[in-house]
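The structure under discussion appears below in the form of structure tokens.
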Amino acid sequence: MVEMISLKDIVPAAQNNINAQFILLDKGRLMFEGQHKTCLALVADNTAAVHFQLWGDECDAFEPGDIIRLANGIFSFQRNSLVLRAGKRGKAEKVGEFTMAFVETPNMSEIRWVPDPNNSKKYVQEAVISPHSRIFPPVL
Amino acid sequence: MASKLIQIASHEAENPIEVSLREAFEFLQAQLRPPFPLKIPTPPEYLNLNRAILYGIFCEPHLAKVHIKHLHGKITDGYSFFTNTLTKVVNDLYSKLVDLAKIQLIWVTTEMVCVSAIGIDGLLVALLRQTVSGDFSEGNLWLCSELVSLFWAKWDCLLEEEPLVLTSALYTFLRLLSDHYRLSSNSKLEVLKQKEIDFCVRMLRQQFHLCLKIGRDLVRILQDLAHVPEFQAIWKDLLLNPGEFKTKEFHDISQLYLSRTSNRYLLLRITPEMEIQLRFLLTHVKFGSQKRYQAWFARKFLCLPEREALVIDIVRFICCSHHPPNEIIQSAIIPRWAVIGWLLKSCRKNYVEGNAKLALFYDWLFFDERLDSIMNIEPAILLMVHSIPKYIDMTHTLLEFLFLLMDNYDVERKDKIKHGVLSAFCMLVRKGVVHSFDSLINCDALSPYLKQRLGGLFICMNASVSKELQPAQAVHSLNLPKTSSVETQNNITGKLRISRAMKDLSPCP
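Chains as they are written, first to last, in our numbering: chain A, 13 to 152; chain B, 5 to 513.
Written out as structure tokens, the structure reads:
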């Protein structure tokens, strides 16, 4: 049985080590990185939200309301922004729809992280940049 | 080579039911061809054999007859496991099944009816629930057509073994017919409509004692078909000549009014997927955080203009079939009235809005505190009261509609309806759902006419509390005097008037 992590506990790292389940709340515009489609999305579980980068055919496969299981995902900086993604070694799969509670704050991508003074390989939270996503504002 | 059972989209996880069936099939494939092994399987082997044969029937249509013969030879549990597994497939996978598998599903269901399988009623109900109101896609119309043909063809057998399932079919097809009558015609639809009409008329004319079991919602959905020639005569007999139904215990339509409709019927018009999402919304989502969920629900189930008809069934489902416990009522979870308010505001067609409001108030009209649940009438009062500060138009249109119903729904049984509405109001105050109706009567934004009507009603209310009317007794001794044709004409025009009035009501902003 794989250990699932709550989104509030994810920490930036250069490793594909994140197994989590969350619901997709919103999708941004389709972009191209070279020949590959990408699309930024907002995902959340009942502890936190985070920006998730969809890649290739993931962009069309997932819709708001889909519950996604991420295996071996990575939470790291991509062009200066902090995103969660499946990456080459990870896998994102739709396992359901609708029936998952979520919160939109904190947003783990809207937190400033700094290297841990005691362990330079680790990151720790320094400050909250915004309580919720500045790209996908909450729907009220 | 076996074909696929379901369509799996890219990046979609495997489905556990499909996996268990496929694995059983792959494991036992060699034993699924004659000569079949004579060895008696152990209990786990027996279940696996059932799964394997089921998968074979779905995915090897050309060998279906071989598979079913095999099944008949091996069965020891009255087909209970096999039928229950089929029911699970329908509830969880129907929309994903490939077309060939859907055809096989109807075929094997018919076979299960023929052998009177244990659990066949559950399977048929599961299939009926997959027909969707307001869905005119080819796939949905195909399912309606296959099912109505199945119920017609297996009439005698079902009447003997599972008569109640025929009433479920009646409720479903009556409701579907009112949709199918609003669609511009084509020859395919004409054939389907005729099959649905023939089945419903046969039920109402030949098995009325069974139809009675549906209760008051039978009248609600029949009323929507009063303009259809085949139902005009039935409607007239319901109001005028109850004896025509040759059912000893039936003397007057008010007997139907006063009998509460069981959940089993109201659930029929909601697919399991909708039910899961609605119950989740009303159990887990906090008031204030519902917007995204509502948008997802609407995108999935109410996206096309015709789909709006579904709102009527959802309102009825929320009022009658989803009764949250006190912990939820007292929590921050979105209340039922707020969801109904959202649904009513999303209606664009006047007839849908009118019918949805009727669905909301229907139990008010015949409320009897000894038989009816306060939970059925609670959403309407809370929606009216809570809409006062910001959505007075909602309060207005609902109250106006309630008085319209009291005046016109059934002019000949106006007193009974007035009594029902009064009982509903009394009960709501007595049980503390609202402390009083002061907020309504003293609301400045409410029209003087509505205030006056409310005032009049509450005077009667105080009087009736002291008098303690007893409507149920009146039903037992129902031997109403024969109505004159003039009065009846008034009654029928009264009903027509209400349907016109519903159309005239301006939609919510």
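Ideal placement from N, C-alpha and C gives every residue a C-beta, glycine not left out. The structure displayed is predicted, hence computed values, not measured ones.
- Message: Please confirm whether A:Lys49 has its beta-carbon closer than 8 Å to some beta-carbon of chain B.
- Response: For the purposes of this step, residue 49 of chain A is identified with residue 37 of the first sequence, where counting begins at 1. False, the Cβ-Cβ gap to chain B never drops below 8 Å.
- Message: On the DSSP letters alone, give me the boundaries of the alpha helix (DSSP H) that A:Asp128 sits inside.
- Response: Taking the first sequence and counting its residues from 1, the one referred to as residue 128 of chain A is at position 116. Run containing A:Asp128: none in the alpha helix (DSSP H); it sits in the beta strand (DSSP E), Ile123 to Asp128.
- Query: Span of the beta strand (DSSP E) holding B:Ala302?
  - Reply: Looking up residue 302 of chain B in the second sequence gives position 298. Where B:Ala302 is concerned, there is no enclosing beta strand (DSSP E), although the alpha helix (DSSP H) it sits in stretches over Lys295 to Phe305.
- Three-state secondary structure (DSSP) at A:Val228? Outside the displayed range of chain A (13 to 152) lies residue 228 of chain A, so it cannot be described from this structure.
- Task: Taking a Cβ distance cut-off of 9 Å, strictly less, list which residues of the stretch 253-282 of chain B are near chain A, in chain order.
- Result: Residues Glu277, Ile280 and Gln281.
- Who are the neighbours of B:Ser14 on chain A, taking C-beta pairs under 7 Å? For the purposes of this step, residue 14 of chain B is taken as the residue at position 10 of the second sequence. Within chain A, Asp69 and Ala73 have C-beta atoms less than 7 Å from the C-beta of B:Ser14, given in sequence order.
- Contact set for A:Ser142: own chain, Cβ-Cβ below 8 Å, skip 5 residues either direction: Against the first sequence, residue 142 of chain A aligns to sequence position 130. Answer for A:Ser142: Asn119 and Glu122, listed in chain order.
- Message: Just to make sure I have the definition right: I need the residues of chain B whose C-beta is within less than 8 Å of the C-beta of A:Lys106. Which are they?
- Response: Residue numbering aside, residue 106 of chain A sits at position 94 when the first sequence is read from its first letter. Those within 8 Å of A:Lys106 in chain B are Ala13, His15, Glu16 and Ala17.
- Sequence-distant residues of the same chain with beta carbon closer than 7 Å to B:Ile332, five excluded per side: Working through the second sequence from its first residue, we reach residue 332 of chain B at position 328. A distance below 7 Å between beta-carbons, with the five flanking residues on each side excluded, links B:Ile332 to the following residues of its chain, in chain order: Thr287.
- Task: Could you say which of B:Ile274, B:Ser377, B:Tyr453 and B:Ser443 lies nearest to B:Ala130 if we only look at CA atoms?
- Result: Indexing the second sequence from 1 puts residue 130 of chain B at position 126. Cα-wise, what sits closest to B:Ala130 is B:Ile274.
- Item | Candidates B:Asp448, B:Gly424 and B:Ile385: closest to B:Val433 by CA position | Working through the second sequence from its first residue, we reach residue 433 of chain B at position 429. Closest by alpha carbon: B:Ile385.
- Message: Strictly below 7 Å CB to CB, what residues from chain A border B:Phe284?
- Response: Position 280 of the second sequence holds residue 284 of chain B. Going along chain A in sequence order, the residues near B:Phe284 (Cβ under 7 Å) are Phe110 and Thr111.
- Span separating the alpha-carbon of B:Phe235 from that of A:Glu70: For the purposes of this step, residue 235 of chain B is taken as residue 231 along the second sequence, with counting starting at 1. For the purposes of this step, residue 70 of chain A is taken as residue 58 along the first sequence, with counting starting at 1. Looking at the two C-alpha atoms, the distance is approximately 52 Å.
- Item | Neighbourhood of B:Pro513 by C-beta distance below 7 Å, restricted to the same chain and skipping five residues each side | Numbered from its first residue, the second sequence carries residue 513 of chain B at position 509. Low per-residue confidence applies at B:Pro513: pLDDT is 30, beneath 50, and the placement is therefore not dependable, though the value from the model is reported in the following sentence. Result list for B:Pro513: Asp397, in chain order.
- Message: Ignoring anything shorter than 4 residues, give me the alpha helix (DSSP H) runs that lie fully in the stretch 27-105 of chain B, in order along the chain.
- Response: At a cut-off of 4 residues, the continuous stretches assigned as alpha helix (DSSP H) that sit fully inside the stretch 27-105 of chain B are 47-63, 68-78 and 84-97.
- Query: Given 8 Å as the limit, is there contact between the stretch 266-282 of chain B and the stretch 171-181 of chain B, that is, 3 or more CB pairs closer than that?
  - Reply: In short, these stretches touch, since the Cβ pair count reaches three.
- Query: Which of helix, strand or coil does DSSP assign to A:Arg41?
  - Reply: Taking the first sequence and counting its residues from 1, the one referred to as residue 41 of chain A is at position 29. If DSSP states are grouped into helix, strand and coil, A:Arg41 belongs with the strands.
- So, is B:Asp160 buried or exposed, given that buried needs 16 or more other C-beta atoms within 10 angstroms? By 1-based counting over the second sequence, the position of residue 160 of chain B is 156. Exposed: under 16 other Cβ atoms inside 10 Å.
- Close-in-space but distant-in-sequence residues of the same chain around B:Ile337 (CB under 8 Å, 5 per side omitted): Position 333 of the second sequence holds residue 337 of chain B. The residues are Leu286, Thr287, His288, Val289, Lys290, Phe291 and Pro328.
- Query: Is DSSP giving A:Ala98 helix, strand or coil here?
  - Reply: Taking the first residue of the first sequence as 1, we reach residue 98 of chain A at position 86. Residue state, collapsed to three classes: coil.
- Item | DSSP state of A:Ile35 mapped onto helix, strand, coil | Residue numbering aside, residue 35 of chain A sits at position 23 when the first sequence is read from its first letter. A:Ile35 carries a strand assignment under DSSP once its states are collapsed to helix, strand and coil.
- Query: Comparing alpha-carbon positions, which option in B:His400, B:Thr401, B:Leu402 and B:Ile421 lies nearest B:Met410?
  - Reply: By one-based count along the second sequence, residue 410 of chain B stands at place 406. Cα-wise, what sits closest to B:Met410 is B:Ile421.
- Hey, which unbroken runs of the alpha helix (DSSP H) at 4 residues or more fall wholly within the stretch 190-248 of chain B? The qualifying runs are 191-210, 212-215, 220-227 and 233-243.
- Query: Can we say the stretch 110-117 of chain A touches the stretch 53-71 of chain A, given the rule of at least three CB pairs closer than 8 Å?
  - Reply: Contact between the stretch 110-117 of chain A and the stretch 53-71 of chain A is established, with three or more Cβ pairs separated by less than 8 Å.
- Task: Show which residues of chain A have a CB atom less than 8 Å away from the CB atom of B:Trp300.
- Result: Here residue 300 of chain B corresponds to residue number 296 of the second sequence, with the count starting at 1. Going along chain A in sequence order, the residues near B:Trp300 (Cβ under 8 Å) are Pro76, Gly77, Glu109 and Phe110.
- Message: Taking the alpha-carbon of B:Lys78 as reference, which of B:Pro452, B:Leu51 and B:Leu101 has the nearest alpha-carbon?
- Response: By 1-based counting over the second sequence, the position of residue 78 of chain B is 74. Answer by Cα proximity: B:Leu51.
- Message: For the stretch 24-42 of chain A against the stretch 79-86 of chain A, do three or more pairs of beta-carbon atoms, one drawn from each stretch, fall closer than 8 Å, so that the two count as touching?
- Response: Touching, per the Cβ criterion.
- Query: Start and end of the beta strand (DSSP E) containing B:Ile396?
  - Reply: As a first step, residue 396 of chain B must be located in the second sequence, where it is residue number 392. Here B:Ile396 belongs to no beta strand (DSSP E); instead the alpha helix (DSSP H) covers Ile396 to Asn412.
- According to a CB-to-CB cut-off of less than 7 Å, which residues of the stretch 79-92 of chain A neighbour chain B? Listed by position, the residues of the stretch 79-92 of chain A near chain B (Cβ gap below 7 Å) are Arg81.
- Does the beta-carbon distance from B:Asp3 to B:Leu168 come in below 8 Å? The structure shown does not extend to residue 3 of chain B, since chain B is modelled only from 5 through 513, so no value can be given for it.
- Query: What is the DSSP secondary structure of B:Gly138, counted as helix, strand or coil?
  - Reply: The count along the second sequence starts at 1 and reaches residue 138 of chain B at position 134. In this structure, DSSP gives B:Gly138 a state outside helix and strand, which the three-state scheme calls coil.
- chain A partners of B:His288, CB-CB under 9 Å? Translated into the one-based positions of the second sequence, residue 288 of chain B becomes position 284. Here the neighbours are Thr111, Met112 and Ala113.
- C-beta atoms of B:Gln108 and B:Ile72 nearer than 8 Å: In the second sequence, the residue the question calls residue 108 of chain B occupies position 104. In the second sequence, the residue the question calls residue 72 of chain B occupies position 68. Not a contact, by the Cβ cut-off of 8 Å.
- Excluding sequence positions up to five away, which residues of its chain have a Cβ less than 7 Å from the Cβ of B:Val223? Locating residue 223 of chain B in the second sequence gives position 219, counting from the first residue. Closer than 7 Å at the Cβ level, and outside the excluded window around B:Val223, lie Ile257, Leu260 and Tyr261.
- Query: Can you find a CB in chain B that lies within less than 8 Å of the CB of A:Val140?
  - Reply: Your numbering for residue 140 of chain A matches position 128 in the first sequence. False, the Cβ-Cβ gap to chain B never drops below 8 Å.
- Cα-Cα separation between B:Leu163 and B:Lys100, rounded to whole angstroms: Translated into positions along the second sequence, residue 163 of chain B becomes position 159. Translated into positions along the second sequence, residue 100 of chain B becomes position 96. Here the alpha carbon of B:Leu163 sits roughly 32 Å from the alpha carbon of B:Lys100.
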